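Notes follow the structure.
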Amino acid sequence: MMVFAMVGENLQQVGGDCPDGFIVMNSLRPEDLDAPYYVAQGDGEWAVNQEAKQASEGMIENAWRAEQMPLAMEAVTAFQMGEEDIPGTEQLWKDYWIALRKWTNTNPDFPDTSKRPIAPS
Numbered sequence: 001m002m003v004f005a006m007v008g009e010n011l012q013q014v015g016g017d018c019p020d021g022f023i024v025m026n027s028l029r030p031e032d033l034d035a036p037y038y039v040a041q042g043d044g045e046w047a048v049n050q051e052a053k054q055a056s057e058g059m060i061e062n063a064w065r066a067e068q069m070p071l072a073m074e075a076v077t078a079f080q081m082g083e084e085d086i087p088g089t090e091q092l093w094k095d096y097w098i099a100l101r102k103w104t105n106t107n108p109d110f111p112d113t114s115k116r117p118i119a120p121s
């Protein structure tokens, strides 16, 4: 079965006639974790658009950071108010908040989720 795609796009057509502006691809678009980021290349191969992938992952990490920062600040405040039933220490939570604040696109490890700051436990 023939696979068609437009160079620079993710959309593929399987079977039928080759639409105007499309080329014949050497294979179906890969269906792995990077599937949304594959784009057709002029040689009929699929390649991951790293810029689009990085932008998407960055948005996810920014949302995660925005969710975590208030939790870290609440833990620090709870320690300061005398709460004792919180994992870690006040300093560990302060350090976590600071690490979260630095978890942006200026961090060389961003947006690699395996390098995220880790909350005290």
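For the sequence shown, position 67 (counting from the first letter as 1) is numbered 67 according to UniProt numbering, and the numbering increases by one without interruption. A virtual CB, placed ideally from N, CA and C, is assigned to each residue, including glycine. Owing to the predicted nature of the structure, the values given are computational and were not obtained by experimental measurement.
- Burial is judged here by how many other beta carbons sit within 10 angstroms of a residue's own beta carbon; Pro36 has fewer than 16 and is exposed.
- Taking C-beta separations shorter than 6 Å and ignoring five residues to either side along the sequence, the partners of Val3 in its chain run Gln12, Val14, Met25 and Leu28, following chain order.
- In the DSSP assignment, Met25 forms a beta bridge with Val3.
- For the pair Ala99 and Glu31, the Cα-to-Cα distance works out to about 34 Å.
- For the 8 Å CB-CB criterion, Glu51 and Pro111 do not form a contact.
- Here the alpha carbons of Met73 and Asp109 stand approximately 23 Å from one another.
- A residue is called buried once 16 or more other Cβ atoms fall within 10 Å of its Cβ, and Glu83, having fewer, is exposed.
- With fewer than 16 other Cβ atoms inside 10 Å of its own Cβ, Arg101 counts as exposed.
- Cβ contact annotation for Ala47 (same chain, cutoff 6 Å, sequence separation greater than five): Gln41, in chain order.
- Minimum Cα-Cα distance from Trp93 among the listed residues Pro120, Trp64 and Gly44 corresponds to Pro120.
- Going by DSSP, Gln12 is part of the beta strand (DSSP E) stretching over Gln12 to Val14.
- Shown here, Ala119 sits in coil according to DSSP, grouped into three states, outside any helix or strand.
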